[in-house]
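Quick notes on the structure that follows.
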Amino acid sequence: MKNHTWNKKQITVTLVCCFIILGVVSAEAAYYAPISFLKPAEAYIEVHDTMTAGEIAAELQKKGIISNTWWFRAVATLTGTANTMKQGEYLVNNRMSLHDLMAKLVSGKSEAERIVIPEGYTVRRIAQVLDQKGLVKEADFLSAAADTKNLYPYMYGNRVVTFPSEGFLFPDTYFIPRGATADQIVKMMLDNFDKHLTENMRESADQHNMSIYQFVTLASMVEKEAQYEEDQPIIAAVFLKRLKINMPLQSDASLSYSLGSHKSAYSIEETKIDSPYNTYLYTGLPPGPIGNPGVNCLKAVAEVKDTEYLFFVADAKGHNHFSRTYEEHMQNVKEYMP
10 MKNHTWNKKQ
20 ITVTLVCCFI
30 ILGVVSAEAA
40 YYAPISFLKP
50 AEAYIEVHDT
60 MTAGEIAAEL
70 QKKGIISNTW
80 WFRAVATLTG
90 TANTMKQGEY
100 LVNNRMSLHD
110 LMAKLVSGKS
120 EAERIVIPEG
130 YTVRRIAQVL
140 DQKGLVKEAD
150 FLSAAADTKN
160 LYPYMYGNRV
170 VTFPSEGFLF
180 PDTYFIPRGA
190 TADQIVKMML
200 DNFDKHLTEN
210 MRESADQHNM
220 SIYQFVTLAS
230 MVEKEAQYEE
240 DQPIIAAVFL
250 KRLKINMPLQ
260 SDASLSYSLG
270 SHKSAYSIEE
280 TKIDSPYNTY
290 LYTGLPPGPI
300 GNPGVNCLKA
310 VAEVKDTEYL
320 FFVADAKGHN
330 HFSRTYEEHM
340 QNVKEYMP
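The numbering of the sequence shown is the working numbering, which starts it at 10 and goes up by one.
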């Protein structure tokens with residue numbers, strides 16, 4: 010009669026085999042199951058041809074798609090996809106399985122157009138860029154930018170402007186889905202602005218007795234006048250000082266906006282053109298923003314400090330030179346103005 014009693018070694022081997030099988034089954038289930046059952050998250054991820062699986066994992070984690078970069082890298086290695094993920098822009102979410110996520114990243118089928126909107130671009134310039142990229146027609150974007158339906162309450166001014174969204178189409182890198190409408194793109198940019206409008210900026214506007222709309226209008230002027238970041242806080246201070254003493258802002262950038270063109274300098278006659286955007290002729294801020302300011306100019310206005318300067322002029326390289334008196338200013342104009 011055979012002895013069917015298992016010894017400790019047999020039991021250990023059996024348990025190890027069971028654990029291995031259980032691990033394999035669990036790993037496979039996790040591979041095909043949704044990445045997360047928590048709060049849904051969706052984002053565009055840009056994959057460059059030089060990115061490693063680890064770098065892609067870090068980007069996915071940053072955007073809330075995955076929580077464990079180690080598991081992503083391990084699966085990418087085990088499935089052989091670590092070195093086959095292709096350059097492109099992909100729309101991903103945390104309801105996808107790792108299997109589907111990996112399949113998308115190796116497909117090379119971009120689902121969005123990468124668009125860079127530089128600081129200071131106007132609505133009209135953005136419309137031209139989008140049209141040139143073949144995303145939406147220029148006229149369609151201008152029409153959407155003139156609509157007020159997607160504006161946040163603080164984005165409304167009390168004066169007549171052509172594009173109510175001017176100033177609030179946040180300069181950034183965007184991944185715009187193919188087939189997106191002009192209205193959807195405008196809303197994307199307005200939502201992005203709202204995310205970047207900090208509590209400190211809101212409080213600063215209030216401290217200067219300005220609405221958010223006026224705050225952004227001022228920031229847009231700083232953006233246009235300052236080619237270099239170090240000039241931004243000083244120009245913001247000069248403009249605020251002029252506003253407080255009811256002195257015309259005399260901004261060439263604002264005059265350029267009214268004329269729809271840009272010049273390095275304007276004649277005396279041109280500074281007399283009757284336009285509410287002509288800050289040589291009219292005191293105070295123009296009716297609305299003259300472009301879309303970036304975060305640095307918004308911060309420059311929010312964190313502005315008092316200055317002794319009242320004047321500034323840019324040289325041929327765009328560097329501004331500041332002065333306290335009109336006499337000093339005219340000397341700077343003579344010395345530095347191109």
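Virtual Cβ for every residue (Gly too), placed ideally from N, Cα, C. Please read these numbers as outputs of a predicted model, since none were measured by experiment.
{"query": "Residues that histidine 330 bridges to, as DSSP identifies them", "result": "Val322"}
{"query": "Check whether phenylalanine 224 and methionine 198 have beta carbons under 8 Å apart", "result": "no"}
{"query": "Meets three-Cβ-pair contact criterion under 8 Å: the segment 220-240 and the segment 259-269", "result": "yes"}
{"query": "Burial state of proline 49, where buried means 16 or more other Cβ atoms lie within 10 Å", "result": "exposed"}
{"query": "Spatial neighbours of threonine 93 in its chain, beta-carbon cut-off 7 Å, leaving aside the 5 residues before and after", "result": "Val115"}
{"query": "Opening and closing residue of the alpha helix (DSSP H) in which alanine 67 lies", "result": "62-71"}
{"query": "Residue from Phe172, Gly176, Ser174 and Asn201 with nearest C-alpha to tyrosine 183", "result": "Asn201"}
{"query": "DSSP-derived helix/strand/coil call for arginine 134", "result": "helix"}
{"query": "Unbroken beta strand (DSSP E) run spanning proline 296, endpoints", "result": "Counting along the chain, proline 296 falls outside any beta strand (DSSP E), and DSSP gives it neither H nor E."}
{"query": "Check whether proline 295 and tyrosine 286 have beta carbons under 8 Å apart", "result": "yes"}
{"query": "Backbone CA spacing between aspartate 324 and leucine 268 [nearest angstrom]", "result": "22 Å"}
{"query": "Backbone CA spacing between lysine 134 and serine 270 [nearest angstrom]", "result": "It is worth fixing the name first, because residue 134 is arginine in this sequence and not lysine. Rounded to the nearest angstrom, the two C-alpha atoms are 12 Å apart."}
{"query": "CB contact flag (alanine 246, aspartate 315, <8 Å)", "result": "yes"}
{"query": "Beta-ladder partner(s) of serine 220, from DSSP", "result": "Looking at the DSSP assignment, serine 220 forms no beta bridge with any residue, so it has no partner."}
{"query": "Short Cβ contact (8 Å threshold) for alanine 112 with arginine 187", "result": "no"}
{"query": "Close Cβ partners of serine 265 (< 6 Å) along its chain, the five nearest in sequence each way excluded", "result": "His271"}
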